[in-house]
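Contents: one structure, followed by commentary.
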Amino acid sequence: MKLIWLFQCADDVMSNKVSMVTPACSYTYADICKAVAKTIYMLGTLGVKRGQQVVLIPEHDESAVVFMAAASAIGIQIVMPYNLQNAAIEEWVNIIQTVSPDKVVYLRRDAAVEELRRATGENTRIIELDIFAGNNVENDAEIIDIVVENPDPVENFLVLFTSGTTGKAKAVSISESLVCKRVASVSSQLKFSPDARIFMSGLMNNTTGIIFSFGALLHDATLVFPSNRVIEDWPRQVVLHQITHMMLRPVALRRFVAGIGEYGAELSCLRVIAYGAAALSKELLEEARVRIPCEWTQGYGLSETFGPFCWLNEEDHRRKLYEEYIYCVGKPDDTLDVSLHFTHDDKNNVGEVVLRGTGLMEGYYDIASGKVKPVDEYFHTGDYGHFTNNGELILKGRISNTLLSENGHRIYPEEVENIIADIIGIHEVLLVSLPADNNLGNVAVICIYGPLTQKSDDEISQAILAQLSSRLSEEKWPDYVYPSRTPFPRNSNDKIIKGVVLKGINADALIKLSIMEVI
Numbered sequence: 001m002k003l004i005w006l007f008q009c010a011d012d013v014m015s016n017k018v019s020m021v022t023p024a025c026s027y028t029y030a031d032i033c034k035a036v037a038k039t040i041y042m043l044g045t046l047g048v049k050r051g052q053q054v055v056l057i058p059e060h061d062e063s064a065v066v067f068m069a070a071a072s073a074i075g076i077q078i079v080m081p082y083n084l085q086n087a088a089i090e091e092w093v094n095i096i097q098t099v100s101p102d103k104v105v106y107l108r109r110d111a112a113v114e115e116l117r118r119a120t121g122e123n124t125r126i127i128e129l130d131i132f133a134g135n136n137v138e139n140d141a142e143i144i145d146i147v148v149e150n151p152d153p154v155e156n157f158l159v160l161f162t163s164g165t166t167g168k169a170k171a172v173s174i175s176e177s178l179v180c181k182r183v184a185s186v187s188s189q190l191k192f193s194p195d196a197r198i199f200m201s202g203l204m205n206n207t208t209g210i211i212f213s214f215g216a217l218l219h220d221a222t223l224v225f226p227s228n229r230v231i232e233d234w235p236r237q238v239v240l241h242q243i244t245h246m247m248l249r250p251v252a253l254r255r256f257v258a259g260i261g262e263y264g265a266e267l268s269c270l271r272v273i274a275y276g277a278a279a280l281s282k283e284l285l286e287e288a289r290v291r292i293p294c295e296w297t298q299g300y301g302l303s304e305t306f307g308p309f310c311w312l313n314e315e316d317h318r319r320k321l322y323e324e325y326i327y328c329v330g331k332p333d334d335t336l337d338v339s340l341h342f343t344h345d346d347k348n349n350v351g352e353v354v355l356r357g358t359g360l361m362e363g364y365y366d367i368a369s370g371k372v373k374p375v376d377e378y379f380h381t382g383d384y385g386h387f388t389n390n391g392e393l394i395l396k397g398r399i400s401n402t403l404l405s406e407n408g409h410r411i412y413p414e415e416v417e418n419i420i421a422d423i424i425g426i427h428e429v430l431l432v433s434l435p436a437d438n439n440l441g442n443v444a445v446i447c448i449y450g451p452l453t454q455k456s457d458d459e460i461s462q463a464i465l466a467q468l469s470s471r472l473s474e475e476k477w478p479d480y481v482y483p484s485r486t487p488f489p490r491n492s493n494d495k496i497i498k499g500v501v502l503k504g505i506n507a508d509a510l511i512k513l514s515i516m517e518v519i
């Protein structure tokens, strides 16, 4: 499969049905088809050829969708940092100098391109494209046919710089076949249809953005781009555009729910909300489900799988599996074989989640050699998990984050964090490990932020202990609580920066947890 075929499968290609709605204007399927054809032509005249490697500096809008379709038709490889909304010039320079691509394609509409030219030198060929602005193409009106120069799926179609499963920087190589497979599986799972209006909450260098944009094209739906990235304003935009489908990460969902209250938005137009990328607290999920009474679906996936392969659907939500199990991600779909790998240290049917099948990346791309290290027969995710009797996958936490208590019990940070996150008055949670005073080991500290942290130490400890005693055996409890008076620092992927939190912990502010304190 190829992305360009997904686009050309649409019944409305070259028709007047609206394909994309942007803050500036709307484009029909005929407009987008012509833009793809013109982009293929322009790139050809600028020396972009089949088999070349291109660093893409995208604007997260319709121009990036069109470029990717054109890249599929030509047969080029795209290199981008994963999930960065606005990388700094220095970051782009580092990628360009590391990769040494054949070309750099600049889609952003700003003046920073000149700074980039100066920083990278005259040997770097930077192509500045404004796909919908003419670009002085002769006989522009005659360029209407999409020329597919490479009919075969492109190997190493996307090379994404990401932390991967290990937390270390890696370049994940994704085949075009996998991109198409995931677009088809996810958009079908989320019930995209010709009358759907899909909200583009993702970025064009992450899985959500690519899957939702091409999924909309695949199903003849309409893709709507937000007018801003102020998530509290999105409920208003959902109503304005009568959005039917959207995806939100937990941090974004909290802000979205806050926006519902601010605008008093009535969101009956929504049919499906997808969420994932991190655990979602029960408190926030149930509040959101009351405010937005549509179908809810949780997806679990990795950058190495280019999207979700396990699903907690609406029926599962109604059965309250999220309440029965601390972090249930539902059942695997048919895109991957999901199983557990056990070692002699593994207990209670908890093992590492391993994957096998065609729904995986090609491998990790080695920049120095330009080669891809292929995946072994089984890909080890680095996640601990176990299966229920009904086949649902329950995640316990990252192997690299797991702590060992003094009595030999494993403490899974994600498990503890999810339990604590359900306490009213706690908005952010992070479990960390600190060296013990006697230097004989480490102690587990649960760091929290929210209105509860403004209360007394006794009130904080009572709230934490009451929650732990009702849902988790004492052997898995943290030793201390650290109440932060300010939100935790986050990176561009909305993930808490653990190292910065650790450095900011004041030992004098730690609250000792003791079973004797439970009322």
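Residues in the sequence shown are numbered consecutively from 1, following the UniProt record's numbering. By construction, the Cβ of each residue, glycine as well, lies at the ideal position given by its N, Cα and C atoms. Here the structure is a predicted model, which means the values were calculated and not measured.
CB-CB length for residue i against residue j, believed under 8 Å
i	j	result
I95	F157	About 17 Å; that fails the 8 Å criterion.
D316	G330	6 Å
S185	D333	6 Å
S175	E362	5 Å
I32	I146	With a Cβ gap of about 10 Å, I32 and I146 do not count as contacting.
V501	V432	7 Å
E62	I89	24 Å between Cβ atoms; not a contact.
A421	S281	4 Å
Best match in the options for proximity to residue i [C-alpha to C-alpha]
i	options	result
I426	E176, H409, T39 and E417	E417
V21	M204, V147, S213 and A37	S213
N206	I464, P293, T28 and V172	V172
V99	I367, G215 and V443	I367
residue 520	S470, L270 and D479	Examination of residue 520 is not possible in this model, given that the chain is present from 1 through 519 alone.
C447	Y384, I496 and T402	I496
L190	E232, S177, T244 and P151	T244
I76	V55, L203 and R182	V55
E122	L107, Q97 and R109	Q97
K455	I424, L468 and R291	I424
D458	K170, M246, K512 and I326	K512
residue 525	T486, L472, L434 and L510	There is no way to answer for residue 525, as the model of the chain reaches only from 1 to 519.
V372	P435, L84, S469 and E155	E155
G261	I74, E287 and I273	E287
R291	A265, A278, T120 and L430	A265
F199	R118, I273, K181 and Y263	I273
R356	V338, Q242, G385 and G370	V338
Start-to-end residues for the beta strand (DSSP E) that takes in residue i
i	result
residue 533	In the structure as shown, the chain begins at 1 and stops at 519. Residue 533 is therefore absent and cannot be evaluated.
I27	The sequence shown places Tyr at residue 27, rather than the Ile named in the question. Residues S26 to T28.
P235	Premise fails: P235 lies in the alpha helix (DSSP H), W234 to H241, not in any beta strand (DSSP E).
P435	E428 to P435
Y449	N442 to Y449
S19	V18 to V21
C328	C328 to P332
S173	K170 to I174
I127	I126 to E128
G351	G351 to R356
Helix, strand or coil at residue i [DSSP, three-state]
i	result
A70	helix
T388	coil
K476	helix
R362	Rather than Arg, the amino acid found at residue 362 in this sequence is Glu. Three-state DSSP puts E362 in coil, outside helix and strand.
Q107	According to the sequence shown, residue 107 is Leu rather than Gln. Coil, per DSSP.
A278	coil
L510	coil
K2	coil
H317	helix
V501	helix
K38	helix
E295	strand
R289	helix
K181	helix
Y322	helix
Proximity test, residue i beta-carbon vs the ligand FAD heavy atom, cut-off 6 Å
i	result
V65	The ligand FAD is not part of this structure, which contains no ligands at all.
Delimiting residues of the alpha helix (DSSP H) encompassing residue i
i	result
F214	T207 to L218
L253	P250 to Y263
N418	P413 to A421
K396	First-last for K396: L393 to R398, but that is the beta strand (DSSP E), not the alpha helix (DSSP H).
E115	A112 to T120
R471	D457 to R471
Q77	Premise fails: Q77 lies in the beta strand (DSSP E), Q77 to P81, not in any alpha helix (DSSP H).
V93	I89 to V99
Item to complete: Answer yes if the segment 214-222 comes into contact with the segment 190-204, meaning at least three C-beta pairs across the two stretches below 8 Å, and no otherwise.
Response: Contact annotation: the segment 190-204 touches the segment 214-222, with at least three C-beta pairs closer than 8 Å.
Discussion item. Can you confirm whether the segment 24-38 touches the segment 103-122 when touching is taken to mean that 3 or more C-beta pairs between the two stretches lie within less than 8 Å?
Written reply: no
Discussion item. If contact is defined by three or more beta carbon pairs under 8 Å, each pair taking one atom from either stretch, is the segment 350-362 in contact with the segment 447-460?
Written reply: no
Worksheet item: Is it a yes or a no for the segment 63-74 touching the segment 227-237, going by three-plus beta-carbon pairs under 8 Å?
Response: no
Discussion item. Any contact between the segment 381-395 and the segment 246-255? By contact I mean 3 or more CB pairs, one from each, below 8 Å.
Written reply: no
Worksheet item: Do the segment 317-324 and the segment 337-356 make contact, defined as three or more Cβ pairs closer than 8 Å?
Response: Not touching, per the Cβ criterion.
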